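Worksheet for the structure shown next.
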Amino acid sequence: MENLLFIGILIAVMTIGLWLILRGFNKKFEDFKESQKSDSALNIINQGMQGLQSRIDKTTEVIGQRLETVNKELGGMQEIGRQMKDLQDFLRSPKLRGNIGEQVLKDLLVQVLPRSNFDLQYQFSNGQIVDAVIKTDKGMIPIDAKFPLENFRRLAQAETEKDKNHHLKTFSRDIKKHIDDISKKYVSQEGTLDFALMYVPSEAVYYEMIRGDEPIDAYAHQKKVIFVSPNSFWYFLKVILMGLEGKKIGQASQQILGALNSIRQDSRRFGQSLKVLIGHINRAKNAMDGTSIEYGKLSSRIDNVSLLKPEEEAKKIEKGDD
């Protein structure tokens with residue numbers, strides 16, 4: 001009886017021990033399966049991160065190449081802007097502007113006309129000095145260089161309609177004063193023809209003077225003063241040269257005035273086209289500024305992604321999958 005009890009206890013102990021052993025093996029097997037699942041998930045995450053990093057690298061490379069081109073162009077535009085600012089600062093002095101205008105006037109005369117057919121800083125017997133005269137068989141053509149830049153700059157920078165109207169009146173008044181001075185001093189002076197030229201060394205100022213429904217050159221025409229810019233003056237000199245060569249400057253004076261009127265009309269059309277072009281340039285600048293801002297945002301996002309740790313990236317991906 002005692003042997004049977006011992007055997008029964010032994011069997012029970014062995015059964016319990018075997019169950020515990022099987023349970024331990026089962027737990028280890030389950031742990032092993034979980035470990036395998038974790039390793040598989042980690043491998044998937046790593047593969048996904050590698051693919052993402054590869055795409056980011058390629059995108060960054062392409063963006064970097066494009067931005068390098070944009071930066072070069074921006075650098076060129078900044079250099080142009082700096083040079084323009086330096087030129088504007090340089091031209092703030094009326095005396096310097098006058099010297100530049102007279103020098104350009106002289107260069108044009110030298111390039112087109114024989115030296116014997118013009119004089120610089122010509123003085124009349126009454127003491128009046130004109131910037132230049134063109135000599136013809138019928139008389140001299142006085143040329144006065146004026147550069148009303150200050151009032152034109154205020155007009156161009158005006159933002160409100162009220163300011164524009166105010167500065168336009170000031171600009172017109174300034175130009176009319178120059179016209180009156182030229183007409184009084186040089187028209188029908190000793191040995192001159194019955195008109196004088198007002199040379200405007202700035203194309204922008206010239207276009208502002210002749211454009212509009214009632215351009216100020218109508219007033220100048222009454223005073224026998226003709227506006228010329230560097231471009232239109234060059235064509236005028238070519239016409240003068242043709243007259244000089246044929247000794248017909250007196251008979252061709254009406255043709256000269258007609259040619260100047262045609263040039264003035266072409267200049268008006270060109271001025272309108274220039275205004276449209278300036279609008280396009282301003283819109284292009286605004287688009288470039290917007291592109292620069294968007295690039296700053298994109299660059300910041302790329303930097304944020306590159307600073308993330310792999311564990312944080314895995315958590316973000318798992319959250320995204322959920």
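Here the sequence shown is numbered in the numbering used here, starting from 1 and rising by one per residue.
The beta-carbon is built from N, C-alpha and C at its ideal position, and this holds for glycine as well.
Because the structure is a prediction, the values reported are computed rather than measured.
Review point. Whose C-beta lies closer than 8 Å to the C-beta of residue 187 among residues of the same chain, with five residues either side of it excluded?
Key: Once the five neighbours on either side are set aside, the close Cβ partners of residue 187 are 142, 194, 195, 196, 223, 224 and 225.
Check your understanding: For the beta strand (DSSP E) that contains residue 170, what are its first and last residues?
Key -> Not the beta strand (DSSP E): residue 170 falls in the alpha helix (DSSP H), residues 161-186.
Point to revise | Ordered list of alpha helix (DSSP H) runs contained in the stretch 204-243, each at least 4 residues | key: With a minimum length of 4 residues, the continuous alpha helix (DSSP H) runs that stay inside the stretch 204-243 are 217-222.
Review point. If we count the other Cβ atoms within 10 Å of its Cβ and call it buried at 16 or more, is residue 145 buried or exposed?
Key: So residue 145 counts as buried.
Review point. Hey, is the stretch 111-122 in contact with the stretch 228-240, meaning 3+ C-beta pairs nearer than 8 Å?
Key: Taking a cut-off of 8 Å on C-beta distances, the stretch 111-122 touches the stretch 228-240, as three or more cross pairs fall below it.
Point to revise | Same chain only: Cβ atoms within 6 Å of residue 299, ignoring 5 sequence neighbours per side | key: If we look at residue 299 and ignore the five residues flanking it on each side, it has no Cβ neighbours.
Review point. Whose CA, out of 243, 173 and 266, lies closest to the CA of residue 256?
Key: Sorting 243, 173 and 266 by C-alpha distance to the C-alpha of residue 256 places 243 at the top.
Check your understanding: How about residue 227 and residue 207: do their beta carbons lie closer than 8 Å?
Key -> In this structure, residue 207 does not lie closer than 8 Å to residue 227 by Cβ.
Review point. Looking only at its own chain, which residues have a Cβ that is under 8 Å from the Cβ of residue 108, when we skip the five neighbours before and after it?
Key: Hits under 8 Å: 230, 233, 234 and 237.
Practice item. Would you identify the three-state DSSP class for residue 189, choosing helix, strand or coil? Key: Of the three classes helix, strand and coil, the one that applies to residue 189 here is coil, per DSSP.
Check your understanding: Would residue 135 be called buried (16 or more neighbouring beta carbons within 10 Å of its own) or exposed?
Key -> With 16 or more neighbouring CB atoms inside 10 Å of its own CB, residue 135 falls in the buried class.
Check your understanding: What residue from 285, 129, 117 and 282 has the CA that sits closest to residue 137's CA?
Key -> Just measuring C-alpha positions, the residue of 285, 129, 117 and 282 sitting nearest residue 137 is 117.
Exercise for review: Decide if residue 266 is buried, meaning its Cβ has at least 16 other Cβ atoms within 10 Å, or exposed.
Suggested key: Burial state of residue 266 is exposed, judged by a 10 Å Cβ sphere holding fewer than 16 other Cβ atoms.
**Study point:** Bounding residues of the beta strand (DSSP E) (the contiguous stretch that carries residue 139)
**Key:** Annotation: the continuous beta strand (DSSP E) that includes residue 139 extends over 139-145.
Practice item. Check whether the stretch 169-180 touches the stretch 118-133, taking contact to mean three or more Cβ pairs, one atom from each stretch, closer than 8 Å. Key: Touching, no, given that fewer than three Cβ pairs across the two stretches are closer than 8 Å.
**Study point:** Which listed residue (122, 258 and 264) has its alpha carbon closest to that of residue 217
**Key:** When the alpha-carbon of residue 217 is set against those of 122, 258 and 264, the nearest one is in 264.
Review point. Among residues of its own chain, excluding the 5 on either side of residue 119, which ones have a beta-carbon nearer than 6 Å to its beta-carbon?
Key: Cβ neighbours of residue 119 within its own chain (closer than 6 Å, five residues either side excluded): 133.
Review point. For residue 199, which of 280, 62, 301 and 104 has the nearest alpha-carbon?
Key: Of the candidates 280, 62, 301 and 104, the one whose C-alpha sits nearest the C-alpha of residue 199 is 104.
Practice item. Measure the CB-CB distance between residue 279 and residue 192 and report whether it falls below 8 Å. Key: No, the Cβ-Cβ distance between residue 279 and residue 192 is not below 8 Å.
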